[in-house]
Amino acid sequence: MARCLTIAVAQTGPIQRSATRAETVGRLVHLLEQSAAAGAEITVFPEMALTTFFPRWRIDDQAEIDAFFESAMPGPETQRLYDAAARLKIGFALGYCEFAREDGRTRHFNTMDLVGPDGRFIGRYRKMHVPGSAEPEEGTTTHLERRYFEPGNLGFPVFDYRGVRVGMAICNDRRWPETYRMFCLNGAEVAVLGYNTPLLLDEAPALAHLRMFHNHLPMQAGAYQNTLWVAAAAKAGLEDGQALIGGSCIIAPTGEIAAQAISLGDEVIVHRADLDLIATCRKVNFDFALYRRPDQYRLISEPVGSHV
Ligand code: CDV
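Sequential numbering of the sequence shown, starting at 2, is according to the numbering used here.
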């Protein structure tokens, strides 16, 4: 019998700034219930799934900024989601803004947690590739993630989820080949990720028609070249005046899109992922142990130079 993991991707529609955490968590619980009813064993939620994507604004008041962050997971407002996981026996990956106390100081990370079907914490990933700037820049869409977040410091860990090796990534990470290669080298079978991607970028209006292509292209390539399943959840639709793309999807190690959301709202897509397909794809082309030439790739991990 094939080894399988039935994966649900729970795309959310916009989460307006005016929404309370209780309202938002209620929507996530409903999506988790839909996933469980469809037979899924894990649900993937978007990046920053508890709040609006606030880096689209410059905010100076630290208390106002901190209101977007969670200082405990689960906390009083998110506990309900963990309880639902245990009740429904379905785990999840959830993106949120993490307020941490580490090295004697407060730190802010763009984070995703993996939670088991018993509602217990399994593992954490902190976004590595933090895009945008710290100050608004003339002629570009305001994207101030580097104002509010430090780059992740936990590497690209891979966790055991019911006997399946799962890695996590967040939004811009999906565009980088290194993300998937790190998963692959760490033995991942499934990569789960969430994103908030603006439909329009002021800096490149001529590329507007390619936004969805450039969403799927790196994920399909990453899945294919690293023989992984990729499950990606968007926060989509018109959020606080900014249009975000949808296109949430589940991608096979063949590079094919096995399931894709068709709306810009709350929507669950489900696919029974055949994990044995990974071995088949490795046999066809990617016997890494036999054909990879790591000694010839050293430049990839050398310090960033003027040429890159
Ligand atoms: N949340 C993100 O990381 N969004 C980026 C934007 C800046 C383009 C993305 O890669 O989709």
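C-beta atoms are modelled at their ideal positions from N, C-alpha and C, and glycine is treated no differently. The structure presented is a predicted model; accordingly, all values stated were derived computationally and were not measured.
**Item:** Nearest-angstrom Cα separation, counted from Asp203 out to Val271
**Value:** Computed Cα separation, rounded: 34 Å.
**Request:** Could you tell me the boundaries of the beta strand (DSSP E) in which Asn111 lies?
**Result:** Residues 106 to 116.
**Message:** Using a Cβ distance threshold of 8 Å, determine whether the region 104 to 121 contacts the region 87 to 95, with at least three qualifying pairs required.
**Reply:** Result yes; three or more Cβ-Cβ pairs closer than 8 Å.
**Request:** Mind checking who Tyr63 pairs with in its DSSP beta bridge?
**Result:** Here residue 63 turns out to be Gln, not Tyr, going by the sequence shown. DSSP output for Gln63 lists no bridge partner at all.
**Asked** DSSP beta-bridge partners for Pro199?
**Response** Per DSSP, Leu245.
**Item:** Ranges of the alpha helix (DSSP H) found wholly within the region 168 to 243, counting only runs of at least 4
**Value:** Listed in chain order, they are 178 to 186, 212 to 227.
**Message:** Assuming Val26 is part of the alpha helix (DSSP H), what are its boundary residues?
**Reply:** Secondary structure note for Val26: its alpha helix (DSSP H) is the uninterrupted segment 22 to 38.
**Item:** the ligand CDV heavy atom lying under 7 Å from the CB of Tyr126
**Value:** Tyr126 has its CB no nearer than 7 Å to any heavy atom of the ligand CDV.
**Request:** Tell me, please, which residues DSSP counts as bridged to Ile44.
**Result:** The identity of residue 44 in the sequence shown is Thr, whereas the question assumes Ile. Note: Thr44 sits in a beta bridge opposite Ala9, Phe93.
**Item:** Buried/exposed call for Lys284, threshold 16 Cβ in 10 Å
**Value:** Around the beta carbon of Lys284, fewer than 16 other beta carbons lie within 10 angstroms, which makes this residue exposed.
**Request:** Would you mind working out which of Glu65, Phe54, Tyr292 sits nearest Ala237, comparing C-alpha positions?
**Result:** Measuring from the Cα of Ala237, the nearest candidate turns out to be Phe54.
**the region 274 to 283 / the region 36 to 53 touching (three or more Cβ pairs under 8 Å)** = The region 274 to 283 vs the region 36 to 53: no contact.
**Request:** Under 7 Å Cβ to Cβ from Ile16, same chain only, skipping five residues before and after it: list those, please.
**Result:** Same-chain partners within the cutoff: Thr25, Thr52, Thr53, Lys236, Glu240.
**Request:** Report whether the distance from the Cβ of Gly133 to the nearest heavy atom of the ligand CDV is below 7 Å.
**Result:** Gly133: yes, Cβ under 7 Å from the ligand CDV.
**Prompt:** Cβ atoms of Gly133 and Leu145: under 8 Å apart, would you say?
**Reply:** For Leu145 and Gly133, yes; Cβs fall inside 8 Å.
**Message:** In whole angstroms, give me the CA-to-CA distance for Ala1 and Pro199.
**Reply:** Residue numbering for the chain in the displayed model covers 2 to 309; residue 1 lies beyond these limits and cannot be assessed.
**Asked** If you scan the region 253 to 277 from start to end, which runs of the beta strand (DSSP E) of 3 or more residues do you find wholly inside it?
**Response** Runs found: 258 to 261, 268 to 275.
**Asked** If you compare alpha carbons, which of Gln243, Ala234, Ile301 is closest to Gly96?
**Response** Nearest option by C-alpha distance: Ala234.
**Per-residue DSSP class, three states only, for Asp296** = Of the three classes helix, strand and coil, the one that applies to Asp296 here is helix, per DSSP.
**Request:** List the endpoints of the continuous beta strand (DSSP E) containing Arg127.
**Result:** Element bounds for Arg127: 122 to 127.
**Request:** For Gln12, count neighbouring Cβ atoms within 10 angstroms of its own Cβ and tell me buried if that reaches 16, exposed if not.
**Result:** For Gln12, the number of other beta carbons within 10 angstroms of its own is at least 16, and it is reported as buried.
**Item:** Proximity winner among Trp230, Tyr298, Asp62, relative to Met169 (alpha-carbon distances)
**Value:** Checking every option, the nearest Cα to that of Met169 belongs to Trp230.
**Message:** So for Asp84, helix, strand or coil by DSSP?
**Reply:** Helix.
**Item:** Beta-carbon proximity list for Met113, same chain, < 6 Å, skipping 5 on both sides
**Value:** Taking C-beta separations shorter than 6 Å and ignoring five residues to either side along the sequence, the partners of Met113 in its chain run Ala94, Gly96, Tyr126, Met169, Ile171, following chain order.
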